[in-house]
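Protein chains in written order, with UniProt numbering: chain G, 1 to 349; chain W, 1 to 349.
Below is the structure:
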């Protein structure tokens, strides 16, 4: 059907003029659809709206998108019906989501924070990164909103944190496959907050990355670097998500943690973090990220000479020896299939 | 529990230092929660995350908010599980929602547009504004994102549209209760697009309202005004929601319509719109707003003298005589109760 047919279908003399606005839109790339093939969407009621949104969305020629939107619309509508959502509540939600979007910037991702606070990030992460039982592979956890791609490339033993950011710490260990073989040339991205609980990106006028770095494992899978001992800190609580958590009676703290990402050829990229024994927020992480297998303990080394040898200005420092075990891409795919099968079995019971 | 107790709970020597970051946050107003009363949220899996988010959200002391968030989190998580949401899809959604928020401005509300396109606005509207059968009350429909509060106060017979914006139209009629009695001193807000399919707010550098106006009914409930005959137009399709509709294979057009809002003491505020017979988009409104009871027909008046008498520069003009029937606040509340009861009956069958 041509554009002309489309906008000039026979109508009574008094019908609205289908003119400039539609013509302009079609010229600017708006889709021209054969109207005769569309379902009738008039007189929508709470009982009929959902099936009709499905009907019009079923025009989508991407089967995955069609499936995802059918479930999305069903759950969205069921939610609104389940709670008899009022117009005022709907408007509150519109305004809230708008604020979440507007506070986002190059260095702040409030929608990830919202997803974190609602447990969606932890759910998506755990669905997509299951670890096969007995494999010994390191568990994944949430990425969080503070990863950046501009960390400096550093050498073994270098420090990711500038002087005065917090208490000294030294990490070393190996990156291995589940077969115990070293993963050489593995890229390790690592990032953390300083003692004020802030990532470098949260400071105005940030000029260079700090408290983050990028390393490569050597031929033995070995890595080593200096950092500061993480401390618990609040997620950004001056924005809409912080206000939401307050209204829910929740605190905004995360236990101390050190973010780590491992990227190596043939291996599934591992995004994880370490948590620390004795942290008061381990059990109530505001973003549901803690896994007990990721809780480590450090050793306090008071030997000043050893501290200086490693590059610190003085002792003491916290020491951690930690190996990480990566899944191959094939192992990760297989684990994901098995995990989904298990989940579907569990909900059918 | 004092702040000091809160952050100095007994931990081994190697535990993270709960220090400056937490202290700063508490000083800046972050909530101080008794950690001993919180559920243990470690080791979240697809099977356990939902109940645990409910557990922590149940701290909320607002029963309505607690209920709404329990349903919200359940549906959000069920959606993610139902579709086995991938990390890439999750990130696409995060980026999409961020774009929706970022394009919002004082004069553009893309989240309302998203709600409209997903049928949520029509659902919320129909749940909250049912019309009792046989009452003769005018049906409501979606507000849309283009209402502003700065329309000029106009007198009977004035035009809401400046010259050259479109074809002339004249509307008159009465605003009544379901008892047939006039609603005097009723505020009527009315707004529409011009022939280019744009509301005044969509033009850069808008200095004064156009194609919108505010009237009052007289003691007989009578109103009259000049306007332009609406034409079909696209919803804004240069943003993320327009792109979404394109990817779903949907068109972005709304049938021609004239927005109306009625505000009167003792009556339920009515937000509605008129649609026009013969419009090719009546059956496939991009935002699911059309109700057949709101479709009207106009009469083409070619009498030049009559046109000039009404204030037009020339003929012809479209003429519409249309009465509106408002529910009292009590009638509206009762209708809402009955509608919800009906809905719950229908889903239990």
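Just so it is clear, CB atoms sit at the ideal spot from N, CA and C, and this is done for glycine as well. The structure presented is a predicted model; accordingly, all values stated were derived computationally and were not measured.
Return yes when the Cβ of residue 226 of chain W is within less than 7 angstroms of the Cβ of residue 170 of chain W, no when it is not. yes
Determine, using beta carbons only, whether residue 40 of chain W comes closer than 7 angstroms to chain G. yes
Helix, strand or coil: how does DSSP classify residue 5 of chain G here? Confidence is the limiting factor: at residue 5 of chain G the pLDDT is only 40, short of 50, which leaves the residue's position unreliable and the question unanswerable from this model.
Reference residue 200 of chain G, options G:114, G:306, G:106, G:253, closest by Cα: G:106
Applying the criterion that 16 or more other CB atoms from any shown protein chain within 10 Å of the CB defines a buried residue, is residue 57 of chain W buried or exposed? buried
Just checking: is the beta-carbon of residue 271 of chain W within a distance shorter than 7 angstroms of some beta-carbon in chain G? no
If we call anything under 7 angstroms between Cβ atoms a contact, is residue 219 of chain W one with residue 321 of chain W? no
Run through the stretch 240-321 of chain W for me and flag every whole beta strand (DSSP E) of 3 or more residues, listed as ranges in chain order. 257-263, 270-276, 299-301, 317-321
Look up residue 84 of chain W in the DSSP assignment and say whether it is helix, strand or coil. coil
Just the chain W side, please: which residues come within less than 7 angstroms of residue 79 of chain G by C-beta, in chain order? 71, 72, 75
If you count every other CB in all the chains shown that lies within 10 Å of the CB of residue 279 of chain W, and 16 or more means buried, which is it? buried
For residue 94 of chain G and residue 115 of chain W, which I take to be in contact (beta-carbon distance under 8 angstroms), what is that distance rounded to the nearest angstrom? 7 angstroms
Within 10 angstroms of the Cβ of residue 80 of chain W, are there 16 or more other Cβ atoms? Answer buried if so, exposed if not. buried
Are the C-beta atoms of residue 105 of chain W and some chain G residue less than 7 angstroms apart? no
Pull up the distance between the alpha-carbon of residue 31 of chain W and that of residue 208 of chain G, whole angstroms please. 32 angstroms
For the 8 angstroms Cβ check, are there 3 or more pairs between the stretch 175-182 of chain W and the stretch 316-334 of chain W? yes
7 angstroms is my cut-off, CB to CB: does residue 357 of chain G come that close to chain W? Past the edges of chain G, shown from 1 to 349, lies residue 357 of chain G, and the structure says nothing about it.
Please name the residue, chosen from G:37, G:337, G:264, G:291, that lies closest to residue 40 of chain W on a Cα-to-Cα basis. G:291
Tell me whether residue 63 of chain W sits in a helix, a strand or coil according to DSSP, three-state version. helix
Would a check of beta-carbon distances place residue 233 of chain W closer than 7 angstroms to chain G? yes
Assess, as a yes-or-no matter, whether the stretch 42-54 of chain W is touched by the stretch 121-141 of chain G under the definition of 3 or more beta carbon pairs within less than 8 angstroms. yes
Test item: CB-CB of residue 151 of chain G and residue 206 of chain G under 7 angstroms: no
Check whether the Cβ atoms of residue 188 of chain G and residue 233 of chain G lie closer than 7 angstroms to each other. no
What does DSSP give as the partner residue(s) for residue 173 of chain W in the beta ladder? W:223
Would you decide whether residue 156 of chain W is buried or exposed? Buried here means 16 or more other CB atoms lie within 10 Å of its CB. exposed
Quick check on this structure: which residue in G:42, G:240, G:167, G:133 has the alpha carbon closest to the alpha carbon of residue 119 of chain W? G:42
What's the gap between the Cα of residue 210 of chain W and the Cα of residue 68 of chain G? 41 angstroms
Inter-residue spacing [alpha-carbon to alpha-carbon] between residue 318 of chain G and residue 299 of chain G: 5 angstroms
Can you tell me whether residue 284 of chain W is buried or exposed, with buried defined as 16 or more other CB within 10 angstroms of its CB? buried
Which partner residues of residue 152 of chain G appear in the DSSP bridge assignment? G:213
Let me make sure I understand the geometry here. Which of W:65, W:28, W:117, W:190 has the alpha-carbon closest to that of residue 248 of chain W? W:117
Proximal residues, the stretch 42-56 of chain G versus chain W, C-beta separation under 8 angstroms: 42, 43, 44, 45, 46, 47, 49, 50, 52, 53, 56
Starting from the Cα of residue 92 of chain W, find the closest Cα among W:244, W:311, W:264, W:308 and give me that residue. W:244
For residue 189 of chain W: DSSP bridge partner residues: W:214, W:261
Residue 170 of chain W: beta carbon under 6 angstroms from a heavy atom of the ligand MN? For the ligand MN, the structure offers nothing, since it holds no ligand at all.
For residue 29 of chain W versus residue 231 of chain G, is the C-beta distance shorter than 7 angstroms? no
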